[in-house]
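Q: So the protein sequences, as listed, match chains A and B.
Numbering follows UniProt numbering, in which position 345 of the first sequence is assigned residue number 345; successive positions increment by one, without gaps.
Numbering follows UniProt numbering, in which position 110 of the second sequence is assigned residue number 110; successive positions increment by one, without gaps.
Below is one structure. I have some questions about it.
Number of protein chains: 2
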Amino acid sequence: MYECSLERMTDKIKTMSQFGDAGHGGITRYSLSPEALQARGEFVRRMEAIGATIKFDDMANLYATLPGSEPDLPGIVMASHCDSVKNGGNYDGILGVMGAMEVLETVADQNIPHKHNLTAMIWTNEEGSLYPPAMMSSGVICYDYLPEDIRVNFKHEDMLKSTSVLDATKTFGAALDASGYKGDKANRLNNKDYKAMFELHIEQGPILEAAGNDIGVVTCVLGMVNYTIKVYGQSDHAGTTPMKYRQDALYGASKVLQYLHDELDKLDPELVYTTGEIFCHPNVHTVIPDYVEFSLDARHEKPEVIEQVVKVIENIPKEVVKCKTDYEIAWTRDTVYYDKELVSYVQESVDELGYSNQKINSGAGHDAQFAAYMLPTTMVFVPSKDGHSHCEPEYTSPEQCTQGASVLLNAVLKCDAK
Amino acid sequence: MYECSLERMTDKIKTMSQFGDAGHGGITRYSLSPEALQARGEFVRRMEAIGATIKFDDMANLYATLPGSEPDLPGIVMASHCDSVKNGGNYDGILGVMGAMEVLETVADQNIPHKHNLTAMIWTNEEGSLYPPAMMSSGVICYDYLPEDIRVNFKHEDMLKSTSVLDATKTFGAALDASGYKGDKANRLNNKDYKAMFELHIEQGPILEAAGNDIGVVTCVLGMVNYTIKVYGQSDHAGTTPMKYRQDALYGASKVLQYLHDELDKLDPELVYTTGEIFCHPNVHTVIPDYVEFSLDARHEKPEVIEQVVKVIENIPKEVVKCKTDYEIAWTRDTVYYDKELVSYVQESVDELGYSNQKINSGAGHDAQFAAYMLPTTMVFVPSKDGHSHCEPEYTSPEQCTQGASVLLNAVLKCDAK
């Protein structure tokens, strides 16, 4: 078994955390922003220092490759992203990049023999913070469910509301052109030149920490549905409308939310569901709301549980406190299972390294889930302190990060041996 | 008894409805906007045409006066406003101005003798749509609870969020300077030169219509409290956080809202309370909300009922679904009773005219409520179709508007006779 360097990993964490430092322990590092370009520059410098070859494709995905002893064989790629959400943490995404760098550095440093080309890769715009949708590049390249030009030219005017990012009306395409990292389409990840993809990532939840486990051996990304629930009332004056004449859409929405909690709590205990977003019109304290909509995101591995969720939504009472209700599906994804053979390499590596571990699924979406549609793919999780992620207190210790990189290294070498 | 002219009132409604016509039956006419200046111009033209003298004060309040036979006696003023909310109706405010014009026109046309000077007046910026707070000018002049310079120089950055008005960062003071209606402070309404104020207004609620009454004899403006209720949770990832680890501030807020409805519904049936505004952070569909606040506006004539409301708020459970709760008072006003003698003139006039009527209170705020702190004041209400107001379907028939003006005329003449 090989192990990665705690000292080198600690140094990378410290360095990368400066790029987009928001001043209170976390970062804001939108894709292709000056801060993200600093992180890319650091990646390129360190990878060139160990003799890796740098390439980038037309979506600015960035590849650093150490040639194998049989360089014509399809290679093995380790990838994640270096962009963050607004006021995000120092680990989501960038840990997978640093882990991949660490694997190549360890291979170079210890002169570890390998047949296949080994590539560390940065996916562009995983978060979609400034340019939705999330997982844009892996979506375009591995699982093209939206026409590419729609993605690249997408203007998300609504971002002004939710993120206060003032240049949100610029297109991603314009940012791509200006980045200096727009390369050749022929360089894209594909399933002829590459045989497998691994992604190291923080768990972003509390399960590993609660169980006291070092490593999560990821088996799948949960299937999900996302609905918009709508409640229609009547706007009237808060001071002049007796209670009995009211059709209060916000009170109606609150009743529907309670119905959803009551019914969904009866389903499988592994189900997670969330109302994260609410919109109230006209949202003035002296006016009874006439329209409220809110999101419902529900995730579970088993399609039959997701079907039960959909049933609950379909059974929302058509009228609540004199308000009409309606719902609309926003999107859906099936559970994506990772490649059994790659999962077994991860499991064997963890066991051989002697780290405590468990099988786990991913409730969050990752580029690996789109990559899995194109080539054998899997993921490795390390714990998130207090389960926090997408926020500045997000934390995984350097020791845990290094353990994750060591698992990645050994799993990649098992894959290389086949 | 005298009656006003249906034909002339109909013509005024038609004319005034053009200024700020939003294209679907209502208007957007912010205070001191070009549209509001058109309405003022129309007021001045029509008032000069009957020989009225025009004056304006330093807050751009506009006065048109027909001299009485004893012009040194304190005068009688009839006032309302010509500004509207965004996509408001053709009656809120402007009806009181048109009613006052109609009274002067009838007096001039029929040569009705009167001892006191009679004044039709436009209050500036009653709605506060673009420049909060509402009832700004009457607040400054009659009930100066905020230093005048704070009001006039107030920049309400938050308006960008709620109204999408792009020049909301301009001050009211700048708009005042540019209006051409900024006059002498000595011209302000006061209780030496004026003995009484009347305001004709639409009810803005469903009570008169439901009772089949033509006229509401207004006795008071309801006391109110306005609170902000706060719920603190923990932001975590929607896909990776098992339900049992969650502190969901939006679900907590929905529980608190239900508690408030349950408890407040036990109090006096005349109580009205409203949650019109909600703010959810970060308001992203994939993130569990960590902070939600919402408004609670409650109104009742009796202070003891308002006290019970405050008790209910104080008894909100400190912790709901693992979220901490808190509350903050935003503002409060005591019930304002109108002048008994003026109310009796209105009641006698309605009875003599033979219009069906009832005593009513005002749940909404009006300039008259601030004026009442300075000089004897009262109001007259006419019905609102379906109770709607502050929206484009707001409607009161020309016949009802004219009835309101006739009541105003006769009540003013009774006041003149004393």
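Ideal Cβ positions, reconstructed from N, Cα and C, are used throughout, including at glycine.
#1: To the nearest angstrom, how far is it from the Cα of lysine 244/A to the Cα of asparagine 361/A?
#2: Under 8 Å, do methionine 121/B and tyrosine 181/B count as touching if we go by C-beta distance?
#3: Three or more beta-carbon pairs under 8 Å between the stretch 86–102 of chain A and the stretch 191–211 of chain A, yes or no?
#4: Can you give me the start and stop residues for the alpha helix (DSSP H) that alanine 330/B sits inside?
#5: Spatial neighbours of asparagine 191/B within its chain, please: CB distance less than 7 Å, with the 5 preceding and 5 following residues excluded, ordered by chain position.
#6: Just to confirm the assignment: which complete beta strand (DSSP E) runs, minimum length 3, are found wholly within the stretch 340–370 of chain B?
#7: The beta strand (DSSP E) with glutamate 293/B in it runs from where to where?
#8: Given a limit of 9 Å on CB to CB distance, which residues of the stretch 333–361 of chain A reach chain B?
#9: Would you report the Cα separation of residue 420/A and isoleucine 13/A, rounded to the nearest angstrom?
#10: Give me the Cα-Cα distance between asparagine 226/B and asparagine 357/A, rounded to the nearest whole angstrom.
#11: Run down chain A in chain order and give the residues with a C-beta less than 8 Å from the C-beta of serine 295/B.
#12: Taking a cut of 7 Å between CB atoms, which residues from the stretch 228–261 of chain A lie near chain B?
#13: Determine, using beta carbons only, whether tyrosine 232/A and glycine 75/A come nearer to each other than 8 Å.
#14: Under the rule that 16 or more other beta-carbon atoms within 10 Å means buried, what is methionine 1/A, buried or exposed?
#15: Around the C-beta of tryptophan 331/A, are 16 or more other C-beta atoms found within 10 angstroms, so that it is buried, or is it exposed?
#16: Using the Cα positions of threonine 275/B and leucine 257/B, report the straight-line distance between them to the nearest angstrom.
#17: Using a Cβ-Cβ cut-off of 8 Å (strictly less than) and excluding sequence neighbours within five positions of leucine 73/A, which residues of its own chain qualify?
#18: Is it true that the CB of leucine 250/A sits closer than 8 Å to the CB of isoleucine 278/B?
#19: In angstroms with no decimal places, state the Cα-to-Cα distance between glutamine 400/A and aspartate 214/A.
#20: Against chain A, does arginine 299/B count as a neighbour if the rule is that its beta carbon must be under 8 Å from one of theirs?
#21: Am I right that cysteine 415/A and leucine 342/A are in contact with their C-beta atoms under 8 Å? What's the rounded C-beta distance?
#22: Anything in chain A within Cβ reach of proline 376/B, meaning under 8 Å, just list it in chain order.
#23: Might you give, ordered along the chain, the residues of its own chain that have their beta carbon closer than 6 Å to the beta carbon of glycine 139/B, omitting 5 neighbours on each side?
#24: Can a CB atom of chain A be found closer than 8 Å to the CB of proline 289/B?
#25: Would you please verify whether the beta carbon of valine 142/A is less than 8 Å from any beta carbon of chain B?
#26: Please classify asparagine 125/B as buried or exposed, where buried requires at least 16 other C-beta atoms within 10 Å of its C-beta.
#27: Taking contact to mean 3 or more Cβ pairs, one atom from each stretch, closer than 8 Å, check whether the stretch 104–112 of chain B and the stretch 14–22 of chain B are in contact.
#28: Does the beta carbon of valine 272/A come closer than 8 Å to any beta carbon on chain B?
#29: Could you name the residues of chain A that glutamate 277/B contacts, counting a contact when the two beta carbons are closer than 8 Å?
#30: Consult DSSP for phenylalanine 198/A and reduce its assignment to one of helix, strand or coil.
#31: Which bits of chain A does glutamine 204/B rub up against, with CB to CB less than 7 Å?
#32: Please tell me whether glutamine 204/B and serine 397/B are closer than 8 Å, where the distance is taken between their beta carbons.
#33: Output the distance between the C-alpha atoms of methionine 224/B and glycine 239/A, rounded to the nearest integer angstrom.
#34: Indicate the three-state DSSP secondary structure (helix, strand or coil) for serine 254/B in the structure shown.
#35: Short check: CB of valine 85/A to CB of serine 31/A, under 8 Å?
#36: Pick helix, strand or coil for tyrosine 245/A, following the three-state DSSP scheme.
A: Walking through what the data contain:
#1: CA-to-CA, the gap between lysine 244/A and asparagine 361/A works out to about 49 Å.
#2: no
#3: yes
#4: Careful: alanine 330/B lies outside any alpha helix (DSSP H), inside the beta strand (DSSP E) at 323–333.
#5: Met374 and Leu375
#6: Within the stretch 340–370 of chain B, the runs of beta strand (DSSP E) that reach at least 3 residues and sit entirely inside it are, in chain order, 357–362.
#7: 291–300
#8: none
#9: The shown model of chain A, from 1 to 418, leaves out residue 420/A, and the question about it has no answer.
#10: 53 Å
#11: His285
#12: Ser235, Asp236, His237, Ala238, Gly239, Thr240, Thr241, Pro242, Met243, Tyr245, Leu250, Tyr251, Ser254, Leu257, Gln258 and His261
#13: no
#14: exposed
#15: With fewer than 16 other Cβ atoms within 10 Å, it is exposed.
#16: 8 Å
#17: Lys115, His116, Asn117 and Lys195
#18: For isoleucine 278/B and leucine 250/A, yes; Cβs fall inside 8 Å.
#19: 7 Å
#20: Answer yes: the Cβ-Cβ gap between arginine 299/B and chain A drops below 8 Å somewhere.
#21: Contact between cysteine 415/A and leucine 342/A is confirmed by a C-beta separation of about 7 Å, below the 8 Å threshold.
#22: Neighbours of proline 376/B on chain A: none; closest Cβ ~23 Å, over 8 Å.
#23: Phe370
#24: yes
#25: Residue identity differs from the one stated: residue 142/A is cysteine in this sequence, not valine. Chain B contact via Cβ: absent.
#26: buried
#27: no
#28: Contact with chain B is found for valine 272/A, since one of that chain's Cβ atoms lies less than 8 Å from the residue's Cβ.
#29: Cys280, Asn283, Val284 and His285
#30: Here phenylalanine 198/A sits in strand by DSSP.
#31: His237 and Thr240
#32: At the C-beta level, glutamine 204/B and serine 397/B stay beyond 8 Å of one another.
#33: 9 Å
#34: helix
#35: no
#36: Looking at tyrosine 245/A - three-state DSSP - the assignment turns out to be helix.
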